[in-house]
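Residue numbering for the sequence shown follows this note's numbering, beginning at 1083 and increasing consecutively. Ideal placement from N, C-alpha and C gives every residue a C-beta, glycine not left out. All values derive from a computational prediction rather than experimental measurement.
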Amino acid sequence: MKIKSVEVVPLNIPLKEPFIIALGKCDVAKNVLIKIHLEDGTIGYGEVSSSGVITGDVQSTVIDVVKYLTPVLAGESIENYRYLIKKLRSIIKFHPGAFAGIENALLDAYTQYIGIPLYKFLGGMRDEIESDITISITTPEKAAQTAQEYSKKGFKVLKIKVGKDFKEDFERVMAVSEAVDCEIRIDANQGYNPKEAVKFINSVWDAGVNVTLFEQPVHCQNIKGLKYVTDNSPVPVAADETVFTATDAFNIARERAVDVINIKLAKCGGVLEALDIIAVAKASGLDLMIGCMLESNVGLSPSVHLACGTGEFSYIDLDSHVFLKELPLSGGFEVDGQKLIVKNIKEGIGIKESTQSSIKP
1083 MKIKSVEVVP LNIPLKEPFI IALGKCDVAK NVLIKIHLED GTIGYGEVSS SGVITGDVQS
1143 TVIDVVKYLT PVLAGESIEN YRYLIKKLRS IIKFHPGAFA GIENALLDAY TQYIGIPLYK
1203 FLGGMRDEIE SDITISITTP EKAAQTAQEY SKKGFKVLKI KVGKDFKEDF ERVMAVSEAV
1263 DCEIRIDANQ GYNPKEAVKF INSVWDAGVN VTLFEQPVHC QNIKGLKYVT DNSPVPVAAD
1323 ETVFTATDAF NIARERAVDV INIKLAKCGG VLEALDIIAV AKASGLDLMI GCMLESNVGL
1383 SPSVHLACGT GEFSYIDLDS HVFLKELPLS GGFEVDGQKL IVKNIKEGIG IKESTQSSIK
1443 P
């Protein structure tokens, strides 16, 4: 079945409240929706979360890149999706968000065409997963209140953002730990130097916090610093911004610099590169985490399908849909508290056009 056309549309989705991490603040998710139309009327959906501070992708650039690559796709057979993805990557230098959006749309269209849900195409290991939920940088009091609200909704694992102020970060983690009986993961988003990171995680651990993961404690290029933290941390350390590609994963695995690799489709460029990273991590004895940017259910769905299909992820951080005021389209997965469920999806990623959303793609 041939590709008829490619459509690219900006999506500006307001957040319920500002999302603050060590790298900055966001009030609106400036995303991009990609639709791949097949000749039989099938539409494959992909979404790009433009996180310029991490990936270099900004909304206008993503739109330009997708439009530039569109002629390569028109008239090609959707069955040749892997060939098409490789061809796109040979034409333009690495634009992970744009590549991920296009690839997700291709895979959605293809798995719809062959009549199978994406998670089964990727192995069908399970049909639901349980995600943590993130508390961004805020006051200790607000963090504790938010933690209680999430706990009442059924979340058992909380991820707390830190990395801006050591004292305030410690107080925030302690406030959450005292407010709820939940597993806690900590994400510094490169905010500390190695010695600060080691002091912080040991202080939290010594205070009795049920912390189970320390994510990206130091600058993404400081591999020696990451290894120093890993060697001196009482809990597993994860690399996020340090690992974009399978080559990055190999390099960090060779140095034994971390215990866990966090895969994000918007960061690595799509499912195919993610599968390569999974292979490197498993061969190296490293554990795996799957995360997200600020995608709606459109961009988040392929990650849910990947996690369910492969069954390879010990840490699930797929919560961006919770922070958005509204979703532009419907479907993708069902939500039951911390559970993300795909068992009722019959084909593709399960996204459908919505007549109720005020965000019109």
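- Distance check between L1409 and each of S1378, P1384 and V1424 places S1378 closest, using alpha-carbon atoms only.
- For Y1274, the three-state secondary structure derived from DSSP is coil.
- The beta-carbon distance between H1403 and L1388, rounded to whole angstroms, is 16 angstroms. This is too long to meet the 8 angstroms contact definition.
- Remark: C-beta atoms of A1321 and V1293 do not approach each other more closely than 8 angstroms.
- Following the DSSP letters along the chain, one finds S1259 inside the alpha helix (DSSP H) bounded by residues F1248 to A1261.
- Counting only runs of at least 3 residues, the segment 1104-1164 fully encloses the following beta strand (DSSP E) elements, listed from N- to C-terminal order: 1106-1120 and 1125-1131.
- Nearest Cα to E1260 within the set E1223, E1185 and K1428: E1223.
- DSSP places I1305 in the uninterrupted alpha helix (DSSP H) bounded by I1305 to D1313.
- Following the DSSP letters along the chain, one finds A1339 in no beta strand (DSSP E), marked with neither H nor E.
- Proximity of the segment 1222-1239 to the segment 1193-1208 falls short of the contact definition, fewer than three beta-carbon pairs being nearer than 8 angstroms.
- In the structure shown, E1223 adopts helical secondary structure according to DSSP, grouped into three states.
- The DSSP-derived three-state label of P1316 is coil.
- For the pair of segments examined, the segment 1210-1224 was found not to touch the segment 1154-1172: the number of CB pairs separated by less than 8 angstroms stays below three.
- The Cβ-Cβ distance between L1406 and I1095 falls below 8 angstroms.
- Counting along the chain, the unbroken alpha helix (DSSP H) around V1380 starts and ends at N1379 to T1392.
- Its chain contains Y1127, E1129, L1411 and I1433 as the residues whose beta carbon lies nearer than 6 angstroms to that of V1380, once the 5 sequence neighbours on both sides are disregarded; these appear in chain order.
- A straight line joining the alpha-carbon of A1187 with that of A1180 spans about 11 angstroms.
- If you check the CB distance, D1251 and V1244 come in under 8 angstroms.
- At a Cβ-Cβ threshold of 8 angstroms, I1103 and N1333 do not count as neighbours.
- D1399 and E1158 have their C-alpha atoms some 35 angstroms from each other.
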